[in-house]
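Visitor: The structure is given below, and queries will be raised subsequently.
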Amino acid sequence: MSTATPDTKREAPATPTTTVGKAADYLDQRTSIGLAVKEFARKVFPDHWSFMLGEIALFSFVVLIASGFFLTMFFEPSMALETYEGEHPANMHGQLMSVAFASTLDMSFEVRGGLLMRQIHHWSALIFMASIVVHMMRVFFTGAFRKPREINWIVGLILMILGLAAGFTGYSLPDDVLSGNGLRITDGVVKSIPVVGSFMSYMIFGGEFPGHHIVPRLFTLHIFVIPGILLALIALHLFLMVLQKHTQYPGGGRTDKNVVGYPAMPVYVAKMTGNFFIVAGVLALMGATMSINNVWNYGPYDPSPVTAGAQPDWYMLFLEGSLRLMPGPGWEWVIGGFTLSMNVLIPAVVVPGILFTFLFVYPFLEARVTKDDEEHHVLDRPRNKPVRTGLGVAFLTAFIILALAGSNDLIATHFALSINGITWVFRVLIFVGPVFAYYITKRICLGLQRKDRELVLHGHESGRIVRFANGEYIEVHTPLDEQERWLRVNYEAPAPLEIAPKTDARGVKRKGYASDKRWQGLSRFFYEDRVAPVSPAEVEAAHSHGEHDQLNGSERQAVEAGAGTTSREH
């Protein structure tokens, strides 16, 4: 008998034949990038439409960078004055204006594709901010900010603030009436800061408003500083998302130990590519068909014209509304020779400060009142966190009220109403509306949780009434399948914190009791009203009704035959 000795030498890898293959092989041999690509290609991402919101923000930013690069080549950030000699638009011919405003007109009417790029850029900025806000709302309501994603939540908030800054600096560059009014308001807000406000205004504007330096400085911030920080933070945001694995919605088989979805290559990358072209196409279509920020209708900046309809972009409307709602008389105080303009400081500094402070500290606050130190990769259903959902809706309600208040002049002119009456209505609503929204939202969430308990214990109402032989009528319920049941019972309902007694065994007052008492009170606010998930024992007890158990197959036929009659409930 003969034996063959197996060849222990490994076969040499096939040599690439295509140009792309050769380039990839060249890089892999020198950087080992193939390992990283292989690891990323195997990364699993869950599938849900709401995860596309963050992608819309990312792809809008890509369009912003591309269109902004084009605009940068034609815009001149100078506040030097010149007489406009351009043929278009006719109403601007012969007017004295800044070079920045004149270059904006030239870009719109003389540069081929310039107006299209301007409008694509502006619409991209609006969609960028809208998608960030909606994305952050999704993260907040589903609890995606919990451990280990607190840092990524903070990164996202900083991205949103930088988006506001990028929008404001870009909006102010054309030096038209609207942008000039916005800068004038900014100057007033800065000067309202106690002690240092006047000095800060001189530093920002290079002298008394408007000066000759603000447009070049905003231009530097808009095209270099802010985009650079945004790019770095977006890279960090994506890195943390991949490192910590993606969150997923609750459902059967989904736990904090796994991710149920599709691999990055080829499924998720193909979806992202398609989503990018959809976003870019929609933005191009909006830029081509929907006119926005036609600065020639307003003219170069002049502090004298003030008309109804002078408003910033939507994401700055809450600041505008806050300023409009604040009463003026009696809110300027002189203390120690310094004037405190509380009618500007409170709405423009204090109110936004409260909003963003709440957003920054909330993940740590919620973790503290539950003493939760576990990692969470499965998202919450908003109904299962009534207080968090109520607070989110309350702050969203306040934002909407302030945004509408920023349009009080348009509401008055369009509906022939008194602007003073509208202002007073919004002044009342800003205090009453969020509280009412919180209470209603919390009660709805608790009601939905109780409905879930009923469904788990008794099933869906089938609308079919069955009569037993003894004359008793019951409705046959359809039991939930395993996926439905898992969705409704797989959540946590923390109880309020329990603390040690005020005094120890020797009657000595315990150190730290006052702090513990405050945290316990806050914990009761969050979790005193709660609906615990159904336990297996409760399910078993609910299904132990003898002949009242679910009827199916031959049993149902026998009962109906014995009863001699059935009826259907509509």
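Each residue of the sequence shown is one higher than the one before, starting from 1 at the first, in full-length UniProt numbering.
Virtual Cβ for every residue (Gly too), placed ideally from N, Cα, C.
Remember, it's a predicted structure, so these values are computed and weren't measured experimentally.
#1: From P89 to L105, what does the alpha carbon distance come to, in whole angstroms?
#2: Out of A57, D25 and E538, which one is the CA nearest neighbour of L230?
#3: If we call anything under 8 Å between Cβ atoms a contact, is S103 one with E76?
#4: Please list, in chain order, all residues of the same chain as G261 whose beta carbon is under 6 Å from its beta carbon, the five residues on each side excluded.
#5: Per DSSP, which residues does Y262 bridge with? Please list them.
#6: Alpha carbon to alpha carbon, what distance is there between I422 and A412?
#7: Could you tell me whether the stretch 332-352 touches the stretch 207-225, using the rule of 3 or more Cβ pairs below 8 Å?
#8: Confirm the yes/no value for this check: CB of Y202, any heavy atom of the ligand ATP, distance under 7 Å.
#9: Kindly indicate which residue of R450, H477, A469 and Y473 has the alpha-carbon position closest to the one of G463.
#10: How should G546 be labelled, buried or exposed, when 16 other C-beta atoms within 10 angstroms of its C-beta is the threshold for buried?
#11: Can you check DSSP and say which residues form a bridge with Y473?
#12: Would L480 and G459 qualify as a contact pair, given that the criterion is a beta-carbon distance under 8 Å?
#13: Could you pull out every residue in the same chain whose Cβ sits closer than 8 Å to the Cβ of E528, ignoring the five residues on either side in sequence?
#14: Using DSSP's beta-bridge definition, name the partner residues of H460.
#15: Expressed to the nearest angstrom, what Euclidean distance is found between the alpha-carbon atoms of M272 and P386?
#16: Inspect the beta-carbon positions of V155 and L53 and report whether they are closer than 8 Å.
#17: My assumption, with CB atoms under 8 Å, is that G167 sits in contact with Y315. Please give the rounded CB distance.
#18: Please state whether DSSP places I335 in a helix, a strand or coil.
#19: Alpha carbon to alpha carbon, what distance is there between P363 and F145?
#20: Can you tell me which of G251, L317 and L355 puts its alpha carbon nearest to the alpha carbon of R381?
#21: Can you tell me whether P174 is buried or exposed, with buried defined as 16 or more other CB within 10 angstroms of its CB?
#22: If you check the beta carbons only, do G113 and F74 fall under 8 Å apart?
#23: Is the separation between the beta-carbon of L317 and that of S124 shorter than 8 Å?
#24: Taking the straight line between their C-alpha atoms, what separation do you get for F109 and E82?
#25: Could you check the C-alpha separation between D409 and I419 for me, to the nearest Å?
#26: Starting from E55, trace the alpha helix (DSSP H) in both directions and tell me its first and last residue.
#27: Take H246 and list the residues in its own chain whose beta-carbon comes closer than 7 Å to its own, dropping the five residues that flank it on each side.
#28: Am I right that S322 and V369 are in contact with their C-beta atoms under 8 Å? What's the rounded C-beta distance?
#29: Among G143, N384, L116 and V196, which residue has its Cα nearest to the Cα of S291?
#30: DSSP has L81 in a bridge; who is on the other side?
#31: Is the separation between the beta-carbon of N384 and that of Q449 shorter than 8 Å?
Guide: By the coordinates alone:
#1: Translated into positions along the sequence shown, residue 89 becomes position 89. Translated into positions along the sequence shown, residue 105 becomes position 105. Their backbone Cα atoms lie some 8 Å apart in a straight line.
#2: What you label residue 230 is simply residue 230 of the sequence shown in a count that begins at 1. It is A57.
#3: The residue you call residue 103 lines up with position 103 of the sequence shown. The residue you call residue 76 lines up with position 76 of the sequence shown. Yes, these two residues count as a Cβ contact at 8 Å.
#4: Numbered from 1 along the sequence shown, position 261 holds the residue referred to as residue 261. Only V44, F45, P46 and D47 meet the Cβ criterion.
#5: On the sequence shown, residue 262 is found 262 positions in, with the first residue counted as 1. F45.
#6: Residue numbering aside, residue 412 sits at position 412 when the sequence shown is read from its first letter. Residue numbering aside, residue 422 sits at position 422 when the sequence shown is read from its first letter. Distance between the alpha carbons of A412 and I422: 7 Å.
#7: no
#8: Among the components of this structure there are no ligands whatsoever, and the ligand ATP is therefore not found.
#9: As a first step, residue 463 must be located in the sequence shown, where it is residue number 463. For the residues R450, H477, A469 and Y473, the minimum Cα distance to G463 belongs to H477.
#10: Mapped onto the sequence shown, residue 546 falls at position 546. Note that G546 scores a pLDDT of 49, beneath 50, so its modelled location is shaky and nothing firm can be said.
#11: Walking along the sequence shown from the start, residue 473 turns up at place 473. According to DSSP, which records beta bridges pairwise, Y473 is partnered with R467.
#12: Numbered from its first residue, the sequence shown carries residue 480 at position 480. Numbered from its first residue, the sequence shown carries residue 459 at position 459. Yes; because the gap between Cβ atoms is below 8 Å, this pair is in contact.
#13: As a first step, residue 528 is located in the sequence shown; it is residue number 528 there, counting from the start. So the qualifying residues of the chain are P496.
#14: Locating residue 460 in the sequence shown gives position 460, where the first residue counts as 1. DSSP lists T478 as partners of H460.
#15: Here residue 272 refers to the residue found at position 272 when the sequence shown is read from its first residue. Here residue 386 refers to the residue found at position 386 when the sequence shown is read from its first residue. About 33 Å.
#16: Stepping through the sequence shown from its first residue, residue 155 is reached at position 155. Stepping through the sequence shown from its first residue, residue 53 is reached at position 53. Taking 8 Å as the Cβ cut-off, V155 and L53 do not qualify as a contacting pair.
#17: The sequence position of residue 167 within the sequence shown is 167, counting from 1. The sequence position of residue 315 within the sequence shown is 315, counting from 1. Right, their Cβ atoms sit about 6 Å apart.
#18: In the sequence shown, residue 335 corresponds to position 335, counting from 1. The answer is strand: DSSP assigns I335 an E or B state.
#19: Here residue 145 refers to the residue found at position 145 of the sequence shown. Here residue 363 refers to the residue found at position 363 of the sequence shown. Their Cα atoms are separated by approximately 6 Å.
#20: As a first step, residue 381 is located in the sequence shown; it is residue number 381 there, counting from the start. Here the closest residue by C-alpha is G251.
#21: By 1-based counting over the sequence shown, the position of residue 174 is 174. Classification of P174: buried, given that the 10 Å Cβ count is 16 or more.
#22: Stepping through the sequence shown from its first residue, residue 113 is reached at position 113. Stepping through the sequence shown from its first residue, residue 74 is reached at position 74. Contact: no.
#23: Along the sequence shown, one-based indexing puts residue 317 at 317. Along the sequence shown, one-based indexing puts residue 124 at 124. Contact flag unset, no.
#24: Start at 1 with the first residue of the sequence shown, and residue 109 comes out as number 109. Start at 1 with the first residue of the sequence shown, and residue 82 comes out as number 82. In a straight line, the C-alpha of F109 is about 18 Å away from that of E82.
#25: Position 409 of the sequence shown, counted from the first residue, corresponds to residue 409. Position 419 of the sequence shown, counted from the first residue, corresponds to residue 419. Spanning the two alpha carbons is a distance of roughly 6 Å.
#26: On the sequence shown, residue 55 is found 55 positions in, with the first residue counted as 1. From DSSP, the alpha helix (DSSP H) with E55 extends over M52 to T72.
#27: Residue 246 sits at position 246 when you count from the first residue of the sequence shown. The answer, listed in chain order, is F45, P46 and V259.
#28: Stepping through the sequence shown from its first residue, residue 322 is reached at position 322. Stepping through the sequence shown from its first residue, residue 369 is reached at position 369. Their Cβ separation, rounded to whole angstroms, is 29 Å, which puts S322 and V369 out of contact at 8 Å.
#29: As a working mapping, residue 291 is identified with position 291 in the sequence shown. Closest by alpha carbon: L116.
#30: Taking the first residue of the sequence shown as 1, we reach residue 81 at position 81. Beta-bridge pairing links L81 to S98.
#31: On the sequence shown, position 384 is the one that residue 384 refers to. On the sequence shown, position 449 is the one that residue 449 refers to. Yes, they are a contact pair.
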